[in-house]
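Per our numbering, the sequence shown runs over residues 1153 to 1692.
Where a beta carbon is used, it is the ideal one built from N, C-alpha and C, also for glycine.
Since the structure comes first, as structure tokens, the remarks are kept for the end.
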Amino acid sequence: MEGTFPKDMAVKWDRIHSVDRTVPESAGDQDSPEYNLLIPTLPMGWKVTEERAGTHLTSYLTFTPTVQDDGARVRCCFFHETKCIREERVSPDFQVWARPQVSEIQVLPEWDPRDKVPFAVHLHNFYPREVPPIQWGWDGAGSWKEDPSQVDKNADGTFTATSVWRVPSRSLTRPELRVRVCVPHGHGEPASERELSLRAAGLLRPPDVSEISQPESMPTGKGVTLSCRIVGHFPGELSVTWLWRGKGEATAVMLRDSPEYRVEPGTAILSRDGKSFQQETRLTRWSSRDQGAEYICRVGHLALETPIERSSACHLHPSELREVSQTQALIPEQLVTVKTRLSGYNPKQLAMTLLGKKARKKKPRALESSDPQRIHTTPSQVPDRKSYSVESEQHVPTTGPEDKRVEYQSCVKHEALKKSESRSSGLTDHSAKSERSQSFLSCVDDLYMAQEVYGPTRGKRLLDLVLATGNDLIGDLVVNGKLGDSDHELITFTIHHKADKSVSNTEVLDFRKANFDKLRRLVSEALKDHDPRGRGVQEE
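Below is the structure:
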């Protein structure tokens, strides 16, 4: 305000809601309806300051706009009631806007349709609701405009939106390919841009290549088909090559379609979730020059630094007979379980026979339940895919008290072995008669202290606390654990030291308090005087 006016001239600011506004062209009439709709006090955070200099009076209103101020106006009124002075002005409509916070490009976990990769960008806390079309694109391709697929209103009146761009999986063929998005802003603000490479998105997955499958017999004069299965890779594009290497030759030759060979690279098939591919490649041959020859399937992929190769040649690896163990005490007329572990052998086929030798017998004999033609568990391939491992369980009956001292032997036949290989479980004795054994049992009792068992355990499963003797050690002691389902979080174990009783003493071990160092030292002391081979204590 400029001019001559009283020193006590007052200034008042009012905010007019857009829904309440009925501002006439002349705002000087105090009796107008709009005047009665003015907010009597300013909102929280609004600040008024004044500056007086001679004939000039300037009033300032400072505030931080919110979405509730969109479309509103403010009125500034200079008045003096005594002098009947009143001058007021009304501002234009406020246009409130908030620039969106743009996330990085992400790949959504759900792919629908499954043959397209959904790239998404999220826009947070923007205002007003209207968003210009968002531009998507990638290297070497044009741009596409996409409207946000979903817009949600936040509690503070701002909005959040998501824009999704779906790209066919088969179009993604380069790891360095970059997807780009441009989010425009109004009011002269620069657009927000984001980009994401396939490698950074975690989309690249290397293939898992199986061994070459071939028929067991290859008759001459007829076509024979070799196949290799490739799974789990993304994107689906592969380079598949079949090669042939003659016996004794160092260099392999690439095979192509010819009268002797037909090469089928295979077609990439999308998995159910759309996130990987699988395909099967085949080589059919009619050649007769294959005596001792080797066929190689070579697979290259974007996610691999070097191609994966699989060979049809069978590299023989003899088995390594790891252990033969008896897993429970012998109880007359009950089955006993004997485990045998083998590893590192190739090919997969082998024969295993279980033998039993009593203490006073010179030669072992094959047990009736031992089947030399098959393994009781399926061999599994080790991670390097070059050999197999297996753990076999065989259940054999005991015939009576005369079996209390018995040795089990596992005999393995394999084409990589010049002769069969066998390993013994060691001679075990299931009676406790020596003074040292009785002393050892007493120490175990003293160490853990007997605790009351509130009821019989429900289970009969074995606990892996097994202290068994070998040849010429203590000779008459075995400690066998039986794990039960106690209701009190306790473990029960059973000590067998009577030939005529299967259970002679039962204690309770609280494994939260047990000191295994003491148990280990106790066992060492019990064995060291009767351990001529210096093997000490072996832990499982």
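Contact set for residue i: own chain, Cβ-Cβ below 6 Å, skip 5 residues either direction
i, result
"residue 1241", "1228"
"residue 1114", "This structure gives no information on residue 1114, because the portion of the chain shown stretches from 1153 to 1692."
"residue 1463", "1446, 1448"
"residue 1157", "none"
"residue 1198", "1215"
"residue 1344", "1254, 1335"
"residue 1320", "1268"
"residue 1295", "1287, 1289"
"residue 1450", "1393, 1459, 1461"
Nearest-angstrom Cα separation, counted from residue j out to residue i
i, j, result
"residue 1253", "residue 1427", "29 Å"
"residue 1315", "residue 1351", "21 Å"
"residue 1204", "residue 1234", "20 Å"
"residue 1160", "residue 1231", "9 Å"
"residue 1238", "residue 1276", "45 Å"
"residue 1348", "residue 1279", "26 Å"
"residue 1217", "residue 1166", "15 Å"
"residue 1263", "residue 1378", "35 Å"
"residue 1317", "residue 1420", "23 Å"
"residue 1272", "residue 1257", "6 Å"
"residue 1503", "residue 1331", "57 Å"
"residue 1270", "residue 1429", "17 Å"
"residue 1435", "residue 1267", "29 Å"
"residue 1548", "residue 1517", "13 Å"
"residue 1572", "residue 1561", "12 Å"
"residue 1361", "residue 1400", "26 Å"
"residue 1261", "residue 1425", "10 Å"
"residue 1303", "residue 1223", "22 Å"
"residue 1363", "residue 1329", "32 Å"
"residue 1404", "residue 1327", "29 Å"
"residue 1323", "residue 1301", "23 Å"
"residue 1465", "residue 1402", "14 Å"
"residue 1259", "residue 1265", "14 Å"
Cβ pair residue i, residue j closer than 9 Å
i, j, result
"residue 1396", "residue 1460", "no"
"residue 1387", "residue 1456", "no"
"residue 1392", "residue 1354", "no"
"residue 1495", "residue 1541", "yes"
"residue 1297", "residue 1288", "yes"
"residue 1200", "residue 1221", "no"
"residue 1493", "residue 1543", "yes"
"residue 1274", "residue 1313", "yes"
"residue 1410", "residue 1346", "no"
"residue 1357", "residue 1384", "yes"
DSSP state of residue i mapped onto helix, strand, coil
i, result
"residue 1408", "coil"
"residue 1322", "helix"
"residue 1166", "strand"
"residue 1219", "helix"
"residue 1281", "coil"
"residue 1337", "coil"
"residue 1343", "coil"
"residue 1275", "strand"
"residue 1360", "strand"
"residue 1438", "coil"
"residue 1286", "strand"
"residue 1317", "strand"
"residue 1198", "coil"
"residue 1573", "strand"
"residue 1504", "strand"
"residue 1547", "strand"
"residue 1397", "strand"
"residue 1226", "strand"
"residue 1239", "strand"
Cut-off 8 Å between Cβ atoms - residues of its own chain near residue i, not counting five sequence neighbours on either side
i, result
"residue 1244", "1225"
"residue 1202", "1163, 1209, 1210, 1211, 1212"
"residue 1515", "1509"
"residue 1250", "1219, 1277, 1278, 1279, 1310"
"residue 1154", "1207, 1208, 1209"
"residue 1432", "1379, 1380, 1381, 1382, 1418"
"residue 1325", "1387, 1389, 1454"
"residue 1195", "1167, 1215"
"residue 1299", "1283, 1285, 1286, 1315"
Same chain, Cβ closer than 7 Å to residue i, five either side skipped, listed in chain order
i, result
"residue 1406", "1393, 1395"
"residue 1169", "1224"
"residue 1415", "1394, 1407, 1408, 1409, 1435"
"residue 1341", "1251"
"residue 1706", "Because the chain here runs from 1153 to 1692, residue 1706 falls outside it and cannot be looked at."
Proximity test, residue i beta-carbon vs the ligand MG heavy atom, cut-off 8 Å
i, result
"residue 1306", "Summarising the ligand content, the structure contains no ligands, and the ligand MG is consequently not present."
The stretch 1329-1338 in contact with the stretch 1272-1290 per 3-pair CB rule at 8 Å:
Result yes; three or more Cβ-Cβ pairs closer than 8 Å.
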